[in-house]
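Okay, structure first, notes after.
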Amino acid sequence: MTTAPTSTTGANGRIGHSGYTENIFDGKQEQMLKVANHIAEKGFIPKELVQSEVQWFYTNLGIDDMYFMLESVDTIANHIMALYGAKIFAFTKNENVLDINLERETDAGAVYIHTSRPGVSTSTGPQVERRVDNKYIDNSTTEKAYRLETYRSLGTVSSQLATQLRCYFVAQCQFVKTNPTKEEEGDIRMVADKTFLEKATENTLDVYQNVMRNVLERTGPVIEMYEVEGSREKRLVIGYKQRTTRTFFSAMSDLYHYYDLYSTRKYVEQFSNGVTIMSLYLNPIPNSKAPPIEHSIYQVIKEASLIYCLPTTPLQSFFQSGKLSVQEAIYGYVGWIFSQHFLNRLGSEYATLTSLLDTRNSAHVEVLTKMKKRLRSDTFTREYILDIIKLYPDLVKALYVNFAMTHYVGQQEQSIRPSLSYQRIRTDHIKKTVSNAHESMVFQSFLAFNQHVLKTNFYQPTKVALSFRLDPSFLPEIEYPLKPFGMFLVVGAEFRGFHVRFRDIARGGIRIIRSRNNEAYSINLRSLFDENYALANTQQRKNKDIPEGGSKGTILLDMNAQDKPRQAFEKYVDSMLDLLIPGHSPGIKEMIVDRYGLPEILFFGPDEGTADFMDWASQHARKRDATFWKAFTTGKSQSMGGIPHDLYGMTTRSVHQYVLGILRKLQLDESSVTKMQTGGPDGDLGSNEIKISKDKTVGIVDGSGVLYDPVGIDRAEITRLATERKMINHFDVSKLSPKGFRRVCRHLVCPVRWSPGAVDIANVHHLLREDGTSVYKYIVEGANLFFTQEARLRLEKAGPSSSRMRGVVPEFYQQYIHEVHDIIERNAANEFECIWREAQASGKPKSIVSDEVSFAIVKLNEELQHTSLWENVALRHIVLQEALPKLLQDKLGLDVLLARLPETYTRAIFGAYLASRFIYKYGTSPSQFAFFEYMSPYFARVAGASASA
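In this text, residue positions in the sequence shown follow this note's numbering: the first is 1319, and each later residue adds one.
This is the structure in structure tokens:
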């Protein structure tokens, strides 16, 4: 979004009174006669009054000629008679207010006419505009788009009643080019509606062309403001990509009404290149005590991007009634979301109970975990928290001031009062206002949010969603024992999401979370952050032998946005980039207040629902001038220099090493082993596991249902599905044996989404036989933590060996892929051997050993990065020569590679390489001389290199 209060359109940034040619209906006089005759025939209006009523309607009322062009004689006659009847009714009731509501809706368009007085809010106007939004504007596509013209009548409904009419005209677009080429999509004359081209002045075409060009280049809204010659009227022109926001047109009306402005006319134009442009002609309400229009317009411009991000919230009514400003209402909404996830609900009793119980007992731990979930979800529901917030809008105001004093950089914010300290808010406002402990806890969570926001794009005018970099220190240790390094909260119109990382340099996938129904959504909502935390924590252990630590991102789609994963992902990424890219983009006036003060780089990878979005994310980071764009995402297509995870099976190869390790240790032939697989042939891991395995797969479960065949599922058929990335509902059932079956889920009987902790101590018995032995001999678990640790220990005690995984093509590219495959498989094989060896030596369950190995590597890695070993340049180079891919070194040279990599990254490579190989070789409890023995060959090479020099 850009603001241009003195746009260069015209000699001095001004435009003529109208940006459209006036609607003139040549057949108006002839039509008026027909309407009068039609009304006279009906007999509802005295014949001597028919001519005057028709004359008044056509001339004095000031309805735009567009209405008379669109409507039939019969419809106009009915409207005049309805208006006459309403005036008679108002007169008999001695009322000076007339309420008229006329409408006609079809697939081709609509006409709405209702009474309207500037500055006087009625329910009719907002209802009409929301209907226009929902029925026409928000649902615009290239195939069926609608343009809107709306005018306020110049005259009044009668000489006795000073009431004006508001008219809305909606018409289906007829584009010049429905499917423009890449070259044509930037030309307004190629992508516009034909009627618009006939009516728009050259000035408007120039203005819209410029706005359109900016919309196509950016992600968020573009706003321009122009003076209107000869008046105090201001014209706002707002452009944005279609289907990236909802109810924006009606929400903008709420916004300018809040600042005592009204519109004389408004236009919404659609273009076949996916751009929407809105024009609003705004004036100050007559006789109002509002500040000068220049100030009000500035506020509207500044807050339009907030409305674009979140057009409606549960606090909308407080904004519409004037109790809260837009900024306060949206701040309150974000505070509500924060409270839902982080309100400290457990209390001291839970901590006491935890200290009394034996936490080494898996059953005790599981009970405590379930109790924690129950306390957190049942005590404070999101509805209960919202009810409390709505009781105290003045507290929301005070807390917003506290937030704004830290993060707002502008000088024009007149509503900001002197700084309110955290202590003063806590004692003078919260404590003295609320009536009980629960209410206090809700607003204390708002205060905690304010204290721990390190930076936000809340005041940045180009945002598409709200993002907040949080200091994780507020997370209670009793719930989150391992403190994250950093975390983000992102809130958009279609979603909410988190990003958690456990090291400064960290990488992990971004996951889209869908919900089948309202109940599933509530469950996903309650567990969203805990799931994100657990997945990132697992990724941290998985990534122990590579330079990047563990991170994860989650995007929970709102219930009404299940079909918008791409829009949610793009907004999530763009709003995160707002906080990662230093400085500010051209046209952005507000800098971001950075309380963190250090450069940050996040690295994203593919996960559920986002594998196809990695190319876009990388290119978008490049478009926004991010220096780290090349490494911003993994899993990119090979044309961008990436290695697609699904195509080359990166994660699957490491997981499969555990399968091969078990077969090797137990001397089993893979082709004779039966396997049950969760994760279907449409997914990344599932499809690649099918392709590289040689076992007899008897069962597969995916999002579409269950496939089972005790003699082994036809390998050629499931390989076909894996190649085409299709679910098992596409399996050819003729390929099943007489004992096989396929059950495709219908509606609500589908299996639930596999998420962390899906199998726990309460339901793990379903995987056990009556005699207590496990149904499965061996379980290889991926990185999603489907099993709780207690469930793993119960299964391992019952029998199975449960191992967890923590972790025409150009010739150069192909060789590089092979080298990466070798590194992945070697790391996984080394880890497997270490876990197997340690478990046999110690007698501990492999699930426990797996954790101990990961923790030992992570701890040693952090220590090595900050010892004198790193300062030994010769040693550093020898280690990095071993750690970095040889092919890259041969191509570029070690010095070039090190010059291109940030020091934090090379430190991470150094530490991860030495730590992982040491622990894999010497185990989690090495002797005090083991590390000296491990490093001796390196020091010998350093000495040899020095002697040679």
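A virtual CB, placed ideally from N, CA and C, is assigned to each residue, including glycine.
> With which residues is K1584 paired in a DSSP beta bridge?
Replying inline: K1584 pairs with T1468 and L1598.
> Where do the N-terminal and C-terminal ends of the beta strand (DSSP E) with H1432 fall, by residue?
Replying inline: For H1432, the uninterrupted beta strand (DSSP E) segment begins and ends at G1427 to S1434.
> Contact check, L2182 vs G2229 under 8 Å by CB: the rounded distance?
Replying inline: In this structure L2182 is in contact with G2229, their Cβ atoms being roughly 4 Å apart against a cut-off of 8 Å.
> Helix, strand or coil: which one does DSSP assign to P1629?
Replying inline: If DSSP states are grouped into helix, strand and coil, P1629 belongs with coil.
> Would you call the region 1452-1459 and the region 1355-1372 in contact, with 3 or more CB pairs under 8 Å?
Replying inline: Judged by Cβ distances under 8 Å, the region 1452-1459 makes no contact with the region 1355-1372, as fewer than three pairs qualify.
>> Between which two residues does the alpha helix (DSSP H) holding G1711 run?
In response: Going by the sequence as given, residue 1711 is Pro instead of Gly. Where P1711 is concerned, the enclosing alpha helix (DSSP H) stretches over P1711 to H1725.
>> Need the endpoints of the alpha helix (DSSP H) that P1924 sits in, please.
In response: That residue, P1924, is in no alpha helix (DSSP H); its beta strand (DSSP E) goes F1921 to P1924.
>> Which of the three DSSP states is assigned to C2152 in this structure?
In response: DSSP places C2152 in the helix class (H, G or I) of the three-state scheme.
> Mind checking whether Q1560 and T1594 have CB atoms under 7 Å apart?
Replying inline: The answer is yes: Cβ separation under 7 Å.
>> So the candidates are N2179, A2146, G2262 and H2139; which of them puts its Cα closest to the Cα of V2192?
In response: In the sequence as displayed, the identity of residue 2192 is Ala instead of Val. The shortest C-alpha separation from A2192 is found at G2262.
>> Between the alpha carbons of R1825 and Q1857, how many angstroms are there, rounded?
In response: Approximately 8 Å, taken between the alpha carbons.
> Residues in its own chain within less than 6 Å of G1328 by CB, not counting five upstream and five downstream?
Replying inline: Confidence is the limiting factor: at G1328 the pLDDT is only 31, short of 50, which leaves the residue's position unreliable, though a coordinate-based value still follows. In its chain, beyond the 5 residues on either side, no residue has a beta carbon closer than 6 Å to the beta carbon of G1328.
>> By alpha-carbon positions, which one of V1752, I2196 and E1547 ends up nearest to D1712?
In response: Out of V1752, I2196 and E1547, V1752 has the C-alpha closest to the C-alpha of D1712.
>> At the level of alpha carbons, what is the spacing between A1811 and N1855?
In response: The straight-line gap from Cα to Cα measures roughly 28 Å.
>> By the DSSP assignment, the beta strand (DSSP E) with K1559 in it spans what residues?
In response: K1559 -> beta strand (DSSP E) spans K1552 to K1559.
> Alpha carbon to alpha carbon, what distance is there between A1929 and L1642?
Replying inline: Distance between the alpha carbons of L1642 and A1929 is about 41 Å.
> In whole angstroms, what separates the C-alpha of I2097 from that of G2023?
Replying inline: For I2097 and G2023, the gap between their C-alpha atoms comes out near 21 Å.
> Contact check, L1788 vs M1805 under 8 Å by CB: the rounded distance?
Replying inline: Confirmed, about 5 Å.
> If you compare alpha carbons, which of D1578, Y1890, V1782 and I1342 is closest to N1605?
Replying inline: In terms of Cα proximity to N1605, the closest of D1578, Y1890, V1782 and I1342 is D1578.
> How should M1994 be labelled, buried or exposed, when 16 other C-beta atoms within 10 angstroms of its C-beta is the threshold for buried?
Replying inline: Exposed, because fewer than 16 other Cβ atoms sit within 10 Å of the Cβ of M1994.
>> Contact between the region 1627-1639 and the region 1607-1615 is defined here as three or more beta-carbon pairs at a separation below 8 Å; is this criterion met?
In response: With the cut-off at 8 Å, the region 1627-1639 and the region 1607-1615 do not touch.
>> Please identify the residue among D1912, Y2026 and D1505 whose C-alpha is closest to the C-alpha of I2018.
In response: Residue Y2026 is the option with its Cα nearest to I2018.
> If you draw a straight line from the alpha carbon of F1786 to that of V1808, how long is it in whole angstroms?
Replying inline: Answer to the nearest angstrom: the Cα atoms are 6 Å apart.
> For the region 1585-1601 against the region 1739-1754, are there 3 or more C-beta pairs whose distance is under 8 Å?
Replying inline: At 8 Å Cβ cutoff, the stretches do not touch.
>> Taking the beta carbon of M1310 as the centre, do at least 16 other beta carbons fall within 10 Å, making it buried, or is it exposed?
In response: Since the first residue of the chain shown is 1319 and the last is 2267, residue 1310 is not available in this structure.
> Any idea which residues DSSP pairs Y1486 with across the strands?
Replying inline: DSSP, once it has assigned bridges, lists Y1430 and T1468 as partnering Y1486.
>> Considering only their Cβ atoms, is the gap separating N2145 from D1822 smaller than 7 Å?
In response: No, Cβ-Cβ distance for D1822 and N2145 is not below 7 Å.
> Is it buried or exposed for T1410, if we count other Cβ within 10 angstroms and need 16 for buried?
Replying inline: With a 10 Å radius around the Cβ and a threshold of 16 neighbouring Cβ atoms, T1410 comes out exposed.
> So what's K2239 in DSSP terms, helix, strand or just coil?
Replying inline: Helix, per DSSP.
> Smallest Cα separation from T2222: which of K2239, W2188 and E1516?
Replying inline: Comparing alpha-carbon positions, the option among K2239, W2188 and E1516 lying closest to T2222 turns out to be W2188.
> Is there contact between the region 1878-1892 and the region 1755-1774, where contact requires at least three CB pairs shorter than 8 Å?
Replying inline: Touching, no.
> Can you tell me whether DSSP reads H2184 as helix, strand or coil?
Replying inline: In the three-state scheme derived from DSSP, where H, G and I count as helix and E and B as strand, H2184 is classed as coil.
> R2043 and D2000: beta carbons closer than 7 Å?
Replying inline: In this structure, R2043 places its C-beta atom within 7 Å of the C-beta atom of D2000.
> Run through DSSP, which three-state label would R1449 get?
Replying inline: For R1449, the secondary structure class from DSSP, reduced to helix, strand or coil, is helix.
>> Would A1404 and I1357 qualify as a contact pair, given that the criterion is a beta-carbon distance under 7 Å?
In response: For A1404 and I1357, no; Cβs fall outside 7 Å.
> From the DSSP output, which residues share a beta bridge with G1804?
Replying inline: DSSP lists R1819 as the bridge partner or partners of G1804.
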